[in-house]
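Student:
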Amino acid sequence: MKICKRYIPSIQDKPYTAIVYGDGLSCERGNDAHRARVNGLNPWERLEGCEPAVQEFHKEMILLQDYFDEFFKGSSAADKGTLNHLKNIFNFRQVKSDISDNFNHAWELMCLVTEGYVCLLTMKLMEMADKGDRPSAAPESIENSSVDDRQEYLQSVVSSVVQNVWHHLETESLKTDDQTEPEKFCCGEDIEEEVILCGAGRNCTKGEVFHYSCAGLDTENLPNNWFCSGTCRNEKDSYPYCTCHQDLGNDEPMIGCSAGSKCTADEWYHTKCLDMTDVPEGNWYCRSACKSSKKAKSRKKSKSRSTVNKSDDFKYNYSRAITWTGLNLLCRRDAVREADGEAMMSHWKLDLVHFFSTKHPKYVILAHRLLVSINGWLPDKLKHDLIYNRTVNYGGGIGRNLPMDFMNEILNRLFKDLLDSAKGRYTNNTIQRCSQIVGPLGEALDSVFDSKVIENELYRHRRRNADRDLNVSRMITFLGDESLFSQTPGRHHRAFPEYFHNDNPKFPGKFQGKMKQLSKRLDKRRRIIVNA
87 MKICKRYIPS
97 IQDKPYTAIV
107 YGDGLSCERG
117 NDAHRARVNG
127 LNPWERLEGC
137 EPAVQEFHKE
147 MILLQDYFDE
157 FFKGSSAADK
167 GTLNHLKNIF
177 NFRQVKSDIS
187 DNFNHAWELM
197 CLVTEGYVCL
207 LTMKLMEMAD
217 KGDRPSAAPE
227 SIENSSVDDR
237 QEYLQSVVSS
247 VVQNVWHHLE
257 TESLKTDDQT
267 EPEKFCCGED
277 IEEEVILCGA
287 GRNCTKGEVF
297 HYSCAGLDTE
307 NLPNNWFCSG
317 TCRNEKDSYP
327 YCTCHQDLGN
337 DEPMIGCSAG
347 SKCTADEWYH
357 TKCLDMTDVP
367 EGNWYCRSAC
377 KSSKKAKSRK
387 KSKSRSTVNK
397 SDDFKYNYSR
407 AITWTGLNLL
417 CRRDAVREAD
427 GEAMMSHWKL
437 DLVHFFSTKH
447 PKYVILAHRL
457 LVSINGWLPD
467 KLKHDLIYNR
477 TVNYGGGIGR
487 NLPMDFMNEI
497 LNRLFKDLLD
507 SAKGRYTNNT
517 IQRCSQIVGP
527 LGEALDSVFD
537 SKVIENELYR
547 HRRRNADRDL
557 NVSRMITFLG
567 DESLFSQTPG
577 RHHRAFPEYF
587 HNDNPKFPGK
597 FQGKMKQLSK
607 RLDKRRRIIV
617 NA
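Just so we're aligned, residue 87 is where the sequence shown starts under the numbering used here, counting upward by one.
1. Mind checking who Glu238 pairs with in its DSSP beta bridge?
2. Got a sec? Which residues, its chain only, sit under 6 angstroms from Arg132 by beta carbon, not counting five neighbours each side?
3. For Val251 versus Thr409, is the C-beta spacing smaller than 7 angstroms?
4. Quick one: grab the DSSP three-state call for Pro309.
5. With a CB to CB cut of under 7 angstroms and the five nearest residues on each side skipped, what residues in its chain are close to Ile148?
6. By the 10 Å Cβ neighbour count, where 16 or more other Cβ atoms means buried, how is Thr266 classified, buried or exposed?
7. Go ahead and label Ser390 buried or exposed: buried means 16 or more other beta carbons lie within 10 angstroms of its beta carbon, across all protein chains shown.
8. State yes or no: is the C-beta of Leu183 within less than 7 angstroms of the C-beta of Phe157?
9. What's the call for Ala425, buried or exposed, on a 16-neighbour Cβ count within 10 Å?
10. What distance in whole Å lies between the Cβ atoms of His191 and Val181, which are believed to be in contact at a cut-off of 8 angstroms?
11. Would you say the region 162-180 touches the region 216-225, given that touching needs at least three Cβ pairs under 8 angstroms?
12. In whole angstroms, what separates the C-alpha of Leu457 from that of Phe597?
13. In whole angstroms, what is the alpha-carbon distance linking Arg121 and Glu280?
14. Alpha carbon to alpha carbon, how far is Phe313 from Asp304? Give it in angstroms, no decimals.
15. Taking the alpha-carbon positions, what's the Leu497 to Asp399 distance?
16. Output yes or no for whether 7 angstroms exceeds the beta carbon distance between Cys328 and Cys376.
17. Just checking, does the region 134-147 make contact with the region 103-118 on the three C-beta pairs under 8 angstroms criterion?
18. Ends of the beta strand (DSSP E) at His253?
19. Residues in the same chain with beta-carbon distance under 7 angstroms from Trp434, minus the five sequence neighbours each way, listed in chain order, please.
20. Among residues of its own chain, excluding the 5 on either side of Asn117, which ones have a beta-carbon nearer than 7 angstroms to its beta-carbon?
21. Below 7 angstroms between beta carbons: does that hold for Ser161 and Ala581?
22. Measuring CA to CA, which of Ala164, Gln603, Lys592, Gly566 is closest to Gly218?
23. Going by Cα to Cα distance, which pick from Leu334, Cys417, Gln98 is closest to Asn128?
24. Among the candidates Ser231, Glu194, Lys348, Pro465, whose CA atom is the shortest distance from the CA of Ser378?
25. Is the number of C-beta pairs between the region 414-429 and the region 470-490 that are closer than 8 angstroms three or more?
26. Would the beta-carbon of Leu206 fall within 7 angstroms of that of Lys401?
27. Taking Lys610 as the reference, give the member of His587, Tyr298, Val422, Lys166 with the closest Cα.
28. Closest to Phe441 by CA distance: which of Lys210, Lys145, Asp337, Leu416 is it?
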């Protein structure tokens, strides 16, 4: 942030705030720097000239990883039509469950599967037995109709496909604040802020440790003994383990009940309290009830795996879900390519709920800050920059926009490659020679470098894979007889016995409280800036 400050313009010795784009980690560090310097004596010390803003490429990676976690299982290699099965069929050897090292290959596989499933669904809806057949419900002579008529017909087909795979997000439940939760609770995030311990200690029902801001406490007027809730106020801070309920220190050996958290008693015991001289081998249970509960749990688990609801078609659910998520990914990338800021902001609203549901707390903070920034937190000029100045078009042309954080990734990698080639040998003469590459010679070298290196590096992944159309055609033929988009009760993939896709958070009532908490944190910072 100090380096960025050198490039921030000023008006009357005050910083003129500018957007600093970056990936999630960079923005998190920027926000941490703001909190650390919040007590600065002037706007420059408070780093007010830099406003971190999250970008699109790393968000795309997180979404793709989340979908791979949901649809890609090693045990599904033999389940026809699953992501792992199609990976083997079409020889995507580089693709693993962790996409961080093979993002481009994982993306291409997801695009292939999405396009293939869209074609299969379209054939089902249009009653086409083969991919070369004419849709049975197509208007007569539509092939020779005007462009407007053909476009209208295509729009109707597309609408039918989207409606068939649509997954509804229950927005009303997100507007309701769950009042069953205590008023005081902590965000659980690792931020540079002092914490306070609940007086209930280990018996605290909400985590024991709380940030001052989360607990709503004034740092200049802290209570001697503070409790996060009335329930904790009635609790006694006692040692929760062993029959003695006394902490005898780390040197005293203990043995744990093999039932773990399902133990019906105290779970961990001092060996001397049990008059135990030697620790037994294998599983040890403190009570027969713990052993019975462990066995009952195992039987219940194996039984639940062997029984499948006969009234649902879980193959159909899987096919719809992977098509839906794949289309969502393609829509987000298309918005970036076209520099459609309005669409990108709409996607961030949905992604905020997704990050909350899938437990990405850092991206919940970043998405919330981005959305409040374009809804009154920042001035209109910065709001305009956040919406319409989110991409870079290095090579020029329509549909060739790239996320700024992706551009930074490419330049950083090229710079590191140059450092590797230099083998760490930097001398004053080397630096001097590099500084002399200016004027016409420098421009000529830049032109060659841009056309031969940068252009190819930036846009190689946006070109359509030459084999994708052929692979989509093969996929249609391969899965045509599976009727994946026809509902047949009782079907399921062995690796996905009872599969359902749900975009709604498991605890929607907590969403509103989280948004209020983050908004209060920003309001606190605004008050500090205004009153400074």
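Using N, Cα and C, we set each Cβ at its ideal position, and we do this for glycine too.
Tutor: For this structure:
1. The partner list for Glu238 (beta bridge, DSSP) is empty, contrary to what the question assumes.
2. Annotation for Arg132: Arg123, Gly126 place their beta carbon closer than 6 angstroms to its own, counting only its chain and skipping 5 residues before and after.
3. Yes.
4. In the structure shown, Pro309 sits in coil (DSSP, three-state: anything other than H, G, I, E or B).
5. For Ile148, same chain residues with a beta-carbon under 7 angstroms away, outside a window of 5 residues either side, are His446, Tyr449 in chain order.
6. With a pLDDT of 45 at Thr266, under the threshold of 50, the predicted position of this residue should be treated as unreliable, and no value is reported.
7. With a pLDDT of only 43 at Ser390, under the threshold of 50, the placement of this residue in the model should not be trusted, and no figure is reported.
8. Per the sequence shown, residue 183 should be read as Ser rather than Leu. No; because the gap between Cβ atoms is not below 7 angstroms, this pair is not in contact.
9. Using a 10 angstroms sphere on the CB of Ala425, the tally of other CB atoms reaches 16 or more, which defines it as buried.
10. 5 angstroms between Cβ atoms; contact.
11. With a cut-off of 8 angstroms, the region 216-225 and the region 162-180 do not count as touching, because too few Cβ pairs lie within range.
12. C-alpha separation (whole angstroms): 15 angstroms.
13. Whole-angstrom Cα-Cα distance: 12 angstroms.
14. Per the coordinates, the alpha-carbon of Asp304 lies some 15 angstroms from the alpha-carbon of Phe313.
15. Roughly 48 angstroms between the two C-alpha positions.
16. The Cβ-Cβ distance between Cys328 and Cys376 does not fall below 7 angstroms.
17. Cβ pair count under 8 angstroms is three or more, so yes.
18. No beta strand (DSSP E) contains His253, which DSSP labels as neither H nor E.
19. In the same chain as Trp434, and ignoring 5 residues on each side of it, the C-beta atoms closer than 7 angstroms to its own belong to Ala453, Leu456, Leu457, in chain order.
20. Taken in chain order, the residues that qualify are Pro138.
21. In contact: Ser161 and Ala581 (Cβ atoms closer than 7 angstroms).
22. Nearest of Ala164, Gln603, Lys592, Gly566 to Gly218, Cα basis: Gly566.
23. Looking at the Cα atoms, Gln98 is the closest of the given residues.
24. Of the candidates Ser231, Glu194, Lys348, Pro465, the one whose C-alpha sits nearest the C-alpha of Ser378 is Lys348.
25. Short answer: they touch.
26. In this structure, Lys401 does not lie closer than 7 angstroms to Leu206 by Cβ.
27. Comparing Cα positions, the closest option is Tyr298.
28. Closest by alpha carbon: Lys145.
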